[in-house]
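Enquirer:
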Amino acid sequence: MSEEAALKKQAEETPENEKLTLNRREFLNLAWLASMGFLVFEIAGVSIAFGYPRFKEGEFGGIIPIGSTDALPAPGSPPENRPKVKLWITNTEEGLIALYKVCPHLGCLFGWNDQEFKFICPCHGSQFEHNGDWIKGPAPRNLDRFVVRVVDSRTGEVLAETPDDGGPVELPDNPNAVVEVDTGAKISGAIHD
Ligand code: FES
Numbered sequence: 004m005s006e007e008a009a010l011k012k013q014a015e016e017t018p019e020n021e022k023l024t025l026n027r028r029e030f031l032n033l034a035w036l037a038s039m040g041f042l043v044f045e046i047a048g049v050s051i052a053f054g055y056p057r058f059k060e061g062e063f064g065g066i067i068p069i070g071s072t073d074a075l076p077a078p079g080s081p082p083e084n085r086p087k088v089k090l091w092i093t094n095t096e097e098g099l100i101a102l103y104k105v106c107p108h109l110g111c112l113f114g115w116n117d118q119e120f121k122f123i124c125p126c127h128g129s130q131f132e133h134n135g136d137w138i139k140g141p142a143p144r145n146l147d148r149f150v151v152r153v154v155d156s157r158t159g160e161v162l163a164e165t166p167d168d169g170g171p172v173e174l175p176d177n178p179n180a181v182v183e184v185d186t187g188a189k190i191s192g193a194i195h196d
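For reference, each letter of the sequence shown is one residue, going 4 to 196 in our numbering.
1) Nearer than 7 Å: is that true of the beta carbon of residue 1 relative to any heavy atom of the ligand FES?
2) Considering only the beta carbon of each residue, do residue 68 and residue 192 sit closer than 8 Å?
3) Tell whether a beta-carbon distance below 8 Å holds between residue 123 and residue 113.
4) Please work out which residues of its chain come closer than 6 Å, Cβ to Cβ, to residue 169, disregarding the five sequence neighbours upstream and downstream, and give them in chain order.
5) Does the beta-carbon of residue 113, which I'm using as the reference point, lie nearer than 7 Å to any heavy atom of the ligand FES?
6) Pull the bridge partners of residue 154 from the DSSP assignment, please.
7) From the DSSP output, which residues share a beta bridge with residue 137?
8) Can you tell me which of the three DSSP states residue 84 falls into?
9) Would you check if the region 173 to 181 and the region 62 to 81 touch, i.e. whether three or more CB-CB distances between them fall below 8 Å?
10) Would you say residue 99 touches the ligand FES, meaning its beta carbon is less than 7 Å from a heavy atom?
11) Using the DSSP secondary-structure output, state which residues sit across from residue 142 in a beta bridge.
12) Would you call the region 124 to 141 and the region 87 to 101 in contact, with 3 or more CB pairs under 8 Å?
13) Using a threshold of 8 Å, state whether the C-beta atoms of residue 182 and residue 153 are closer than that.
14) Measuring CA to CA, which of 171, 172, 141, 180 is closest to residue 159?
15) Looking at the unbroken beta strand (DSSP E) that takes in residue 122, where does it start and where does it end?
16) In its own chain, which residues sit with a C-beta less than 7 Å from the C-beta of residue 194, not counting the 5 before and 5 after it?
17) What does DSSP give as the partner residues of residue 148 in its beta bridges?
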């Protein structure tokens with residue numbers, strides 16, 4: 004008997020339930036391979052996504068260019084509102100601070116009151132100094148702030164940066180100094196007594 008005829012005979016003699024079992028096993032193997040392939044594809048996709056910055060420059064969550072130090076509000080003058088990137092840029096006598104404009108009580112957007120020279124939250128009345136320190140109201144802490152960097156626009160060298168405690172950044176005397184705020188690096192305001 005030829006090999007082909009032998010195979011055909013074997014196939015004819017195989018009970019139907021065995022053929023079904025084999026087909027099911029093949030199907031399960033294929034399904035397992037497909038799911039593994041999908042998993043590998045997903046992991047590769049996630050790795051690529053993490054390899055790219057999540058925010059473009061200028062978008063909230065990324066680096067916000069503020070401009071040259073000459074264009075900043077004078078020390079001790081009212082803060083500058085940057086509504087699109089949720090910032091108040093406040094230049095105190097001690098240095099520059101970038102305040103996150105979301106109230107640390109329940110998340111309302113607080114505003115600046117020029118007459119009283121302080122920040123006031125319209126929701127429950129929390130008040131904060133020009134530098135973000137809590138004055139009164141239900142907010143449990145000072146205003147949150149972001150890391151400010153002063154960079155030499157020619158060399159890219161970082162000339163000054165917000166310290167870990169979120170304190171003001173002293174502006175260097177450098178005609179090429181430009182300011183940027185890293186809205187991906189938020190520092191929580193200190194909790195008051
Ligand atoms: S949300 Fe600002 S005081 Fe309550």
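All residues carry an ideal CB built from backbone N, CA and C; glycine is no exception.
Expert: According to the structure shown:
1) The chain is shown from 4 up to 196; residue 1 falls before or after that span and cannot be answered.
2) Remark: C-beta atoms of residue 68 and residue 192 do not approach each other more closely than 8 Å.
3) If you check the CB distance, residue 123 and residue 113 come in under 8 Å.
4) 148, 190
5) yes
6) 161, 181
7) Beta-bridge partners assigned by DSSP to residue 137: 131.
8) When DSSP states are grouped into helix, strand and coil, residue 84 belongs to the strand group.
9) yes
10) no
11) According to DSSP, residue 142 bridges with nothing at all.
12) yes
13) yes
14) Among 171, 172, 141, 180, the Cα nearest to that of residue 159 belongs to 180.
15) Start and end: 121 to 123.
16) 143, 144
17) 102, 190
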